[in-house]
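K.L.:
Protein chains: 2
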Amino acid sequence: MTDILIVEDDKELSVLLTDFLRSEGYTVSAVESGERAVQLFERYGARLVVLDINLPDMNGFAVCSKLRENADTPILIVSARTDKEDKLNGLDLGADDYIEKPYDIDILLAKIKGIFKRRYQRSMLSASGVTLNLADRTAEIDGRPVELAAKEFDLLALLIENQGKALKKEYLFSCIWGSDSDSELQTLHVHINRLRQKLGDDPKNARRLLTVWGVGYKFV
Amino acid sequence: MTDILIVEDDKELSVLLTDFLRSEGYTVSAVESGERAVQLFERYGARLVVLDINLPDMNGFAVCSKLRENADTPILIVSARTDKEDKLNGLDLGADDYIEKPYDIDILLAKIKGIFKRRYQRSMLSASGVTLNLADRTAEIDGRPVELAAKEFDLLALLIENQGKALKKEYLFSCIWGSDSDSELQTLHVHINRLRQKLGDDPKNARRLLTVWGVGYKFV
DNA sequence: GCAGGTGGTGATCATTTTATGACCGATATT
DNA sequence: AATATCGGTCATAAAATGATCACCACCTGC
Chain A
287 MTDILIVEDD
297 KELSVLLTDF
307 LRSEGYTVSA
317 VESGERAVQL
327 FERYGARLVV
337 LDINLPDMNG
347 FAVCSKLREN
357 ADTPILIVSA
367 RTDKEDKLNG
377 LDLGADDYIE
387 KPYDIDILLA
397 KIKGIFKRRY
407 QRSMLSASGV
417 TLNLADRTAE
427 IDGRPVELAA
437 KEFDLLALLI
447 ENQGKALKKE
457 YLFSCIWGSD
467 SDSELQTLHV
477 HINRLRQKLG
487 DDPKNARRLL
497 TVWGVGYKFV
Chain B
287 MTDILIVEDD
297 KELSVLLTDF
307 LRSEGYTVSA
317 VESGERAVQL
327 FERYGARLVV
337 LDINLPDMNG
347 FAVCSKLREN
357 ADTPILIVSA
367 RTDKEDKLNG
377 LDLGADDYIE
387 KPYDIDILLA
397 KIKGIFKRRY
407 QRSMLSASGV
417 TLNLADRTAE
427 IDGRPVELAA
437 KEFDLLALLI
447 ENQGKALKKE
457 YLFSCIWGSD
467 SDSELQTLHV
477 HINRLRQKLG
487 DDPKNARRLL
497 TVWGVGYKFV
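From first to last, the protein sequence lines are chains A and B. When you read off a place in the first sequence, starting at 1, and then add 286, the result is the number in my numbering. When you read off a place in the second sequence, starting at 1, and then add 286, the result is the number in my numbering.
1) In chain B, which residues lie with their C-beta within 8 Å of the C-beta of Asp392/A?
2) Run through DSSP, which three-state label would Ser409/A get?
3) Give, in chain order, every unbroken run of the alpha helix (DSSP H) that is at least 4 residues long and sits entirely within the segment 420 to 493 of chain A.
4) Spell out whether any CB of chain B is found under 7 Å from the CB atom of Lys387/A.
5) So, for Met287/A: in the same chain, excluding its five sequence neighbours on each side, which residues have a beta-carbon less than 7 Å away from its beta-carbon?
6) What are the residues of the segment 427 to 452 of chain A that lie near chain B, defined by any Cβ-Cβ distance shorter than 8 Å?
7) If you count every other CB in all the chains shown that lies within 10 Å of the CB of Gln472/A, and 16 or more means buried, which is it?
8) If we define contact as Cβ-Cβ less than 7 Å, is Asp422/B a contact residue for chain A?
9) Who are the near neighbours of Asp428/A in its chain, counting only those whose CB is closer than 6 Å to its CB and skipping five residues on each side?
10) Using a Cβ cut-off of 7 Å (strictly closer), state whether Ala396/A contacts chain B.
11) Going residue by residue through the segment 324 to 385 of chain B, where are the continuous alpha helix (DSSP H) segments of at least 4 residues, counting only ones entirely within it?
12) The alpha helix (DSSP H) spanning Asp289/B covers which residue range?
13) For Arg367/B, return the contacting residues in chain A, with the cut-off set at a CB-CB distance below 9 Å.
14) Between the segment 395 to 416 of chain B and chain A, which residues of the former have CB atoms less than 7 Å from a CB of the latter, in chain order?
15) Would you mind working out which of Thr313/A, Ala421/A, Val432/A and Leu362/A sits nearest Lys387/A, comparing C-alpha positions?
16) Between Lys403/B and the rest of its own chain, which residues show a CB-CB distance below 6 Å, the 5 nearest in sequence each way excluded?
17) Please identify the residue among Asp382/A, Ile398/A and Ile401/A whose C-alpha is closest to the C-alpha of Leu395/B.
18) Have a look at Lys370/B and Ile462/A and give me their C-alpha separation to the nearest angstrom.
19) Which of the three DSSP states is assigned to Gly400/B in this structure?
20) Let's test the definition: count the other Cβ atoms within 10 Å of the Cβ of Leu302/A and tell me whether it reaches 16, buried, or not, exposed.
21) Counting C-beta neighbours from all protein chains within 10 Å, is the total for Ile401/B 16 or more, i.e. buried, or is it exposed?
22) Less than 7 Å between the beta carbons of Phe505/B and Ile391/B, yes or no?
23) Just to make sure I have the definition right: I need the residues of chain A whose C-beta is within less than 8 Å of the C-beta of Asp289/B. Which are they?
24) Quick one: measure Cβ to Cβ for Phe327/B and Leu379/B, integer angstroms, because I've assumed they're closer than 8 Å.
25) Is there a C-beta anywhere in chain A that falls below 7 Å from the one on Leu377/B?
26) Could you name the residues of chain B that Asp338/A contacts, counting a contact when the two beta carbons are closer than 8 Å?
27) Can you find a C-beta in chain B that's less than 7 Å from the C-beta of Val324/A?
28) Write down the C-beta distance between Asp296/B and Pro342/B rounded to the nearest angstrom, noting that I regard them as a contact closer than 8 Å.
29) With Ser315/B as the anchor, note down where its alpha helix (DSSP H) starts and where it stops.
30) Measure from the C-beta of Leu474/B to each C-beta in chain A and report whether the shortest distance is under 7 Å.
31) Among Arg405/B, Glu438/B and Glu298/B, which has the Cα closest to the Cα of Trp499/A?
32) By DSSP, does Gly502/A sit in helix, in strand, or in coil?
33) Could you tell me whether the Cβ atoms of Asp338/B and Val293/B are closer together than 7 Å?
34) Whose C-beta lies closer than 7 Å to the C-beta of Thr368/A among residues of the same chain, with five residues either side of it excluded?
35) Quick check on the DSSP output: the alpha helix (DSSP H) that includes Lys297/B runs from which residue to which?
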């Protein structure tokens, strides 16, 4: 998964921004249309999206809500449109910020840094007696160390990161596995099952890793 | 713990903002100095801080870093100082946003709402004692948790979203089921029926989910 | 008050979704 | 090379849902 997905049709600006952010150590993908943005995001995901509103195909707002359907990845809208209505619209759609063009690239960087720090630089994730140490990828359950396989760890981390929130199976799958084949959703079930065993959770009476019927799973 | 702590020495502005946010359902405390802000925060905490930079005593930046020492409560800096340096400074200190004065109060609200939603998963729909938490797809009726099946949840959410408004059966059906077959409208009746049972609503004397004869249903 | 249409409701049952044990190839470990 | 672990697929079981049916109740216009 790349750190930052840039959706910007101004090629020059896009390249500039991409290079700049790369020089700051982020991995960056850039696309020039809404269509491609959604495509790329659904396939590979991203940790943060910088989204222009005026795009050749879809409207940026449409992209925003499309992305928001599954993920709550931070979205920074960047636009030359300065109307109040546009801003409210963007924020209502779940954008984390609405930055007017032209913007100062250092300010943008500061905001991006802030979001990454708040959002991703946690070294520990914990909830309901489960603690994940993201640095050394160890896990503790009710104070006891537990061995988690890589996929299990990632899956649990994702769930705990969004604790309390019901996550769609498709979303979970695309986050961990990246693409979406059909029958392979089954795989997710298997992994959930294995996780539950290690968590000591009985699905019929799960205390932590709950099934949300018709939707997916949530960690509480 | 109050939802929002306002740190602002302009009394008029402070009162305006306080009233406005209260009318939006937040609990609000307001202070006029950095000293008091830190004091109050350490004593009672807050879920979000709106922080002015120009304060009579301490500098707002100092307040910001002071608050950050212990808590990672979201901080929105609001200031008449528009220098790039100030903004960078604020963001580096861990502020979630730096909003220039004069600001539009609706934009501020939108940002606050966004933070509450992202951070505290407060994205609720509620009416007449029924509360749906869209994030984790749980429901409460008169304070009691209730299990709703996927279709039931979606249907109720749609009705509450448009509360007070009579929705045509065909509309409801196409929203939830997507297509529109004829005889299957009956299905909607069945689901409404189940919802009413869970809501404790007797159709003859419904208090919440009303039948609008010849049209459809409405939630009041 | 009657007829026809509209809405309500319990029961049934096929379908969809989820759970889980077994298996197997790939990869890492000793 | 032997062994263990991981991670994926398959087959099958179990569970929940939700569509439909059948029938009843109610409304409304005549």
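From the three backbone atoms N, C-alpha and C, an ideal C-beta is built for every residue, glycine too.
P.N.:
Here's the rundown:
1) Position 106 of the first sequence holds residue 392/A. Neighbours of Asp392/A on chain B, chain order: Lys370 and Leu374.
2) Start at 1 with the first residue of the first sequence, and residue 409/A comes out as number 123. The answer is coil: DSSP assigns Ser409/A none of H, G, I, E or B.
3) If only complete runs of 4 or more residues are kept, the segment 420 to 493 of chain A shows the alpha helix (DSSP H) at 436 to 447, 455 to 463 and 471 to 485, in order along the chain.
4) On the first sequence, residue 387/A is found 101 positions in, with the first residue counted as 1. Answer no: the Cβ-Cβ gap between Lys387/A and chain B never drops below 7 Å.
5) Position 1 of the first sequence, counted from the start, is the residue given in the question as residue 287/A. These residues qualify, in order along the chain: Tyr330, Gly331, Ala332 and Arg333.
6) Listed by position along the chain: Gly450, Lys451 and Ala452.
7) By 1-based counting over the first sequence, the position of residue 472/A is 186. Burial is judged here by how many other beta carbons sit within 10 angstroms of a residue's own beta carbon; Gln472/A has fewer than 16 and is exposed.
8) On the second sequence, residue 422/B is found 136 positions in, with the first residue counted as 1. It does: the Cβ of Asp422/B has a partner Cβ on chain A nearer than 7 Å.
9) Translated into the one-based positions of the first sequence, residue 428/A becomes position 142. Within the same chain, Asp428/A has close Cβ partners Gly415.
10) The residue given as residue 396/A occupies position 110 in the first sequence. Yes, because at least one Cβ of chain B sits closer than 7 Å to the Cβ of Ala396/A.
11) Runs found: 346 to 356 and 370 to 378.
12) If you number the second sequence from 1, residue 289/B lands on position 3. No alpha helix (DSSP H) contains Asp289/B, which is instead part of the beta strand (DSSP E) from Thr288 to Val293.
13) For this step, residue 367/B is matched to residue 81 along the second sequence. Correct list: empty, because the minimum Cβ distance to chain A is about 14 Å.
14) Residues Ala396, Lys397, Gly400, Arg404 and Gln407.
15) Looking up residue 387/A in the first sequence gives position 101. If we check each option's Cα against that of Lys387/A, Leu362/A comes out closest.
16) In the second sequence, the residue the question calls residue 403/B occupies position 117. Around Lys403/B: Ser409.
17) Locating residue 395/B in the second sequence gives position 109, where the first residue counts as 1. Minimum Cα distance to Leu395/B is reached at Asp382/A.
18) Taking the first residue of the second sequence as position 1, residue 370/B is located at position 84. Taking the first residue of the first sequence as position 1, residue 462/A is located at position 176. Between Lys370/B and Ile462/A, the C-alpha separation is close to 39 Å.
19) On the second sequence, residue 400/B is found 114 positions in, with the first residue counted as 1. In the three-state reduction of the DSSP assignment, Gly400/B falls in the helix class, which pools H, G and I.
20) On the first sequence, position 16 is the one that residue 302/A refers to. That one is exposed.
21) The sequence position of residue 401/B within the second sequence is 115, counting from 1. Classification for Ile401/B: buried.
22) Looking up residue 505/B in the second sequence gives position 219. Looking up residue 391/B in the second sequence gives position 105. No, Cβ-Cβ distance for Phe505/B and Ile391/B is not below 7 Å.
23) Numbered from its first residue, the second sequence carries residue 289/B at position 3. Chain A residues near Asp289/B: none, gap ~18 Å exceeds 8 Å.
24) Residue 327/B sits at position 41 when you count from the first residue of the second sequence. Residue 379/B sits at position 93 when you count from the first residue of the second sequence. Wrong, their Cβ atoms sit about 15 Å apart, outside the cutoff.
25) Residue mapping note: residue 377/B aligns to position 91 of the second sequence, counting from 1. Yes, Leu377/B lies at the interface with chain A (some Cβ there is under 7 Å from its Cβ).
26) As a first step, residue 338/A must be located in the first sequence, where it is residue number 52. Per Cβ cutoff of 8 Å: no residues; Asp338/A is ~19 Å from chain B at best.
27) Numbered from its first residue, the first sequence carries residue 324/A at position 38. Val324/A does not count as touching chain B.
28) Taking the first residue of the second sequence as 1, we reach residue 296/B at position 10. Taking the first residue of the second sequence as 1, we reach residue 342/B at position 56. Not a contact, Cβ separation roughly 11 Å.
29) What you label residue 315/B is simply residue 29 of the second sequence in a count that begins at 1. For Ser315/B, there is no enclosing alpha helix (DSSP H); the enclosing beta strand (DSSP E) covers residues Val314 to Val317.
30) One-based indexing of the second sequence puts residue 474/B at position 188. No, because no Cβ of chain A sits closer than 7 Å to the Cβ of Leu474/B.
31) Residue mapping note: residue 499/A aligns to position 213 of the first sequence, counting from 1. Trp499/A has its Cα closest to that of Glu438/B, out of Arg405/B, Glu438/B and Glu298/B.
32) Along the first sequence, read from residue 1 onward, the residue named residue 502/A stands at position 216. Gly502/A: strand per DSSP, three-state reduction.
33) On the second sequence, residue 338/B is found 52 positions in, with the first residue counted as 1. On the second sequence, residue 293/B is found 7 positions in, with the first residue counted as 1. Asp338/B places its beta carbon less than 7 Å from that of Val293/B.
34) For the purposes of this step, residue 368/A is identified with residue 82 of the first sequence, where counting begins at 1. Only Glu386 meet the Cβ criterion.
35) Numbered from 1 along the second sequence, position 11 holds the residue referred to as residue 297/B. Per DSSP, Lys297/B belongs to the alpha helix (DSSP H) from Lys297 to Ser309.
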